[in-house]
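Sequential numbering from 104 applies to the sequence shown in the working numbering.
Even glycine gets a Cβ: it sits at the ideal position worked out from N, Cα and C.
All of these numbers come straight from a predicted model, not from anything done at the bench.
Below you'll find the structure, written out as C-alpha cells, and then a few comments.
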Amino acid sequence: MTLGTVLYTLCRKVKPDVVIETGVASGVSSSYILCGLHENNNGVLYSIDLSWREGQSGWLVPDYLRYRWQLIMGRSSDKLPPLLGGLKTIDIFLHDSEHTYQNMLFEYQAAWTHLRPGGLLLSHNIDTNNAFPDFCESVGLKGHVLDNLGGLLKN
C-alpha cells in the first residue's frame, strides 16, 4: 500500500475537520489527503512547506481540490506554533518535512498537545532517526509502523 493510499484511506475513515501536514514538495501526499476531504465533503488541509522550489510547492495539487487547502510557506518551527494556536484541535497531523531528530521531535510535541483524543499523529521517513520511537515512549503509547510511515493514535 502506498503512502498516498494510506493517507486517502485514513481521511475517508476518520473524516477529519482539520489536517496539518509539514512538507509538501510537489504535493503528492497533499493531493491524496485533499481527495479524501473532497469526497467527505468536509475538512481543511493546512500545509507548511519551506519553498521546495521557488513557487513550485504543491504544483501537482489539482485545481478542483485547492478550495480545501491552505498552503503556508516557511519553516515549521516558525509557522506551526501560531497555526496550532489559532485552531481549537486537530484530527490528523502528518510530519514529512525536515527529517532531523530535533525537527521531528519538535513537530510531534507541538502537534500532540493540539491533537484531539482519537486523533492521529503520522510521520513519514521514520527510519531516518529515533525521533518517532522516542516520542512514542515519552507519551507512553505504542506506535504502529507500515514501511517507513509511523502512526500513533492519541487516547
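The count of Cβ pairs closer than 8 Å, one atom from the segment 213 to 230 and one from the segment 162 to 175, stays below three, leaving the stretches out of contact. Distance check between glutamate 240 and each of Gly146, Leu255, Pro184, Ser150 places Leu255 closest, using alpha-carbon atoms only.
Rounded to whole angstroms, glycine 177 and asparagine 144 show a C-alpha spacing of 28 Å. For glutamine 205, the enclosing alpha helix (DSSP H) stretches over residues 204 to 215. An exposed status is given to glycine 189, since fewer than 16 other beta-carbon atoms sit within 10 Å of its beta-carbon. For aspartate 152, the secondary structure class from DSSP, reduced to helix, strand or coil, is strand.
Beta-bridge partners of serine 226 (DSSP): His198, Gly253. For threonine 108, the uninterrupted alpha helix (DSSP H) run begins and ends at 106 to 117, by DSSP. Taking every protein chain shown into account, the CB of glycine 221 has fewer than 16 other CB atoms within 10 angstroms, so this residue is exposed. CA-CA distance, leucine 224 to histidine 202, rounds to 15 Å. With a cutoff of 9 Å on beta-carbon distance, serine 226 and glycine 243 are scored as not near each other. The secondary-structure analysis by DSSP pairs leucine 218 across a beta bridge with Ile193.
Within the same chain, His202, Asn251 come within 6 Å of asparagine 228 by CB-CB distance, once the 5 residues on both sides are set aside. By DSSP's assignment, glutamate 124 forms a beta bridge with Ser150, Leu197.
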